[in-house]
Amino acid sequence: MTNVLVFGYGNLSRGDDALGPLLIEYIEQNSFFEGLEVITDFQLQIEHALDLEARQLVLFVDASVACEQAFSFMQLAPEQDKSYTTHAMSPSSVLSVYQRVVHKQPPPSFLLSIQGLNFELGTDLSEQACANLVAAKNFVQLLLDKPELAYWLDCTK
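Just so it is clear: in the sequence shown, position 51 is 102 by the numbering used here, and no numbers are missing.
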């Protein structure tokens with residue numbers, strides 16, 4: 052049995068920042084296979100490092116204003132944040148915390164960034180973000196239909 056974690060984060064009340072949690076809703080409604088777990092939260096926190104334990108693959112999903120196309124997909128490596136706060140962590144810093152706490156390499160982890168344009172409090176998902184979400188759903192469907200490291204690595208190219 053493949054043990055995969057998909058972690059979507061963002062704020063449903065901040066326009067396009069809802070993209071991560073909305074993708075998690077889609078996955079929950081279309082449960083793909085036994086061994087798939089989804090988590091959603093407003094932001095990544097230090098405690099989330101423990102959610103990585105015993106996973107074969109991890110996918111972080113977030114909205115990004117820096118994304119130049121509908122979505123981007125990349126493999127992550129552990130990297131310690133250089134900020135002085137744990138208020139908002141990057142996926143790579145969560146991997147770094149896991150590495151330091153558990154004393155072993157984190158599971159292979161990837162980031163799906165979905166292009167967002169409007170992050171204002173109280174706004175709806177923008178029209179462009181809705182289209183980007185559809186594209187991201189189609190891509191995630193492919194990933195979850197074949198939850199294998201080699202395939203996911205091929206998808207980063």
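C-beta atoms are modelled at their ideal positions from N, C-alpha and C, and glycine is treated no differently.
Pairwise C-alpha distance: residue j and residue i
{"i": "A105", "j": "A201", "result": "18 Å"}
{"i": "S64", "j": "K188", "result": "21 Å"}
{"i": "F93", "j": "E119", "result": "23 Å"}
{"i": "L168", "j": "V185", "result": "15 Å"}
{"i": "M125", "j": "V191", "result": "13 Å"}
{"i": "H99", "j": "Y60", "result": "11 Å"}
{"i": "T91", "j": "D113", "result": "10 Å"}
{"i": "P198", "j": "D205", "result": "12 Å"}
{"i": "C181", "j": "L73", "result": "10 Å"}
{"i": "S9", "j": "G173", "result": "Residue 9 lies beyond the range of the chain shown here (52 to 208); nothing can be said about it."}
{"i": "H154", "j": "L95", "result": "20 Å"}
{"i": "G253", "j": "S164", "result": "Absent from the model: residue 253. The displayed extent of the chain is 52 to 208, so no value can be given."}
{"i": "F170", "j": "S141", "result": "18 Å"}
{"i": "A117", "j": "E178", "result": "17 Å"}
{"i": "Q107", "j": "L176", "result": "32 Å"}
{"i": "W203", "j": "D132", "result": "25 Å"}
{"i": "N36", "j": "V152", "result": "Nothing can be reported for residue 36, as the shown portion of the chain is limited to 52 through 208."}
{"i": "V148", "j": "I97", "result": "7 Å"}
{"i": "S82", "j": "N183", "result": "21 Å"}
Residue i: first and last residue of the uninterrupted alpha helix (DSSP H) it sits in
{"i": "L74", "result": "L70 to Q80"}
{"i": "D205", "result": "L200 to C206"}
{"i": "D196", "result": "E178 to D196"}
Contact belief for residue i with residue j at Cβ below 8 Å, rounded distance in angstroms
{"i": "S115", "j": "Q80", "result": "Wrong, their Cβ atoms sit about 24 Å apart, outside the cutoff."}
{"i": "F111", "j": "F58", "result": "5 Å"}
{"i": "P129", "j": "P157", "result": "6 Å"}
{"i": "F161", "j": "L195", "result": "In fact, because the Cβ distance is near 12 Å, the residues do not count as touching under 8 Å."}
{"i": "L103", "j": "V55", "result": "Not really, about 11 Å apart at Cβ, beyond 8 Å."}
Where the beta strand (DSSP E) through residue i begins and ends
{"i": "V89", "result": "L87 to D92"}
{"i": "A114", "result": "L108 to S115"}
{"i": "L56", "result": "V55 to Y60"}
What residue ranges within the segment 126–166 form continuous beta strand (DSSP E) runs of no fewer than 3 residues, ordered along the chain?
160–166
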